[in-house]
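These notes concern the structure reproduced below.
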Amino acid sequence: MNYGKAIKILRSAKNLEQQELAKKIGLDSSYISLIENGKRKPSPKTIEKISESLSIPKHLLLLLASDEKDLKNVPKNESATIGKQLLEILISSQNVGA
660 MNYGKAIKIL RSAKNLEQQE LAKKIGLDSS YISLIENGKR KPSPKTIEKI SESLSIPKHL
720 LLLLASDEKD LKNVPKNESA TIGKQLLEIL ISSQNVGA
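Residue numbers for the sequence shown follow my numbering, beginning at 660 and rising by one.
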């Protein structure tokens with residue numbers, strides 16, 4: 660799982676700086692930087708806070724953080740449905756600032 664990459668993508672899609680996300684979830688921005696750079700793994704509670712603050716369902720954040728081996732037991736139709744939901748959320752968040 661690559662939580663850092665997923666969080667950075669979602670945070671950027673919402674046009675938030677690391678400092679803004681950190682403030683929303685009550686953490687230091689340096690900790691967000693460590694997560695995004697793969698130097699720290701977020702706790703389940705932190706993942707929950709991040710997904711809530713970004714208005715993204717936690718399972719979509721987890722899907723985005725997953726790599727191929729994490730998804731090999733997920734049925735293709737289920738991952739396709741979740742992938743479409745994630746894409747819709749990302750597209751709609753980009754249209755908000757337009």
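Just so you know, even glycine gets a beta-carbon here, dropped at the ideal spot from N, CA and C.
The structure presented is a predicted model; accordingly, all values stated were derived computationally and were not measured.
DSSP state of lysine 736 mapped onto helix, strand, coil = Start at 1 with the first residue of the sequence shown, and residue 736 comes out as number 77. Contrary to the premise, residue 736 reads as asparagine rather than lysine in this sequence. If DSSP states are grouped into helix, strand and coil, asparagine 736 belongs with the helices.
request  = My understanding is that isoleucine 684 touches lysine 708, with C-beta atoms under 8 Å, so please give their C-beta distance in whole angstroms.
outcome  = Reading the sequence shown from its first residue, position 25 is the one you call residue 684. Reading the sequence shown from its first residue, position 49 is the one you call residue 708. Isoleucine 684 to lysine 708, Cβ: 4 Å. Contact.
key: CA nearest to the CA of isoleucine 694, picked from Ile748, Leu719 and Arg670   = Along the sequence shown, read from residue 1 onward, the residue named residue 694 stands at position 35. For isoleucine 694, the nearest C-alpha among the options comes from Arg670.
Cα-Cα separation between asparagine 732 and leucine 720, rounded to whole angstroms = As a working mapping, residue 732 is identified with position 73 in the sequence shown. As a working mapping, residue 720 is identified with position 61 in the sequence shown. So the alpha carbons of these two residues sit roughly 18 Å apart.
task = Could you give the DSSP three-state label for serine 714: helix, strand or coil?
result = By one-based count along the sequence shown, residue 714 stands at place 55. Assigned with DSSP and collapsed to three states, serine 714 falls in coil, not helix or strand.
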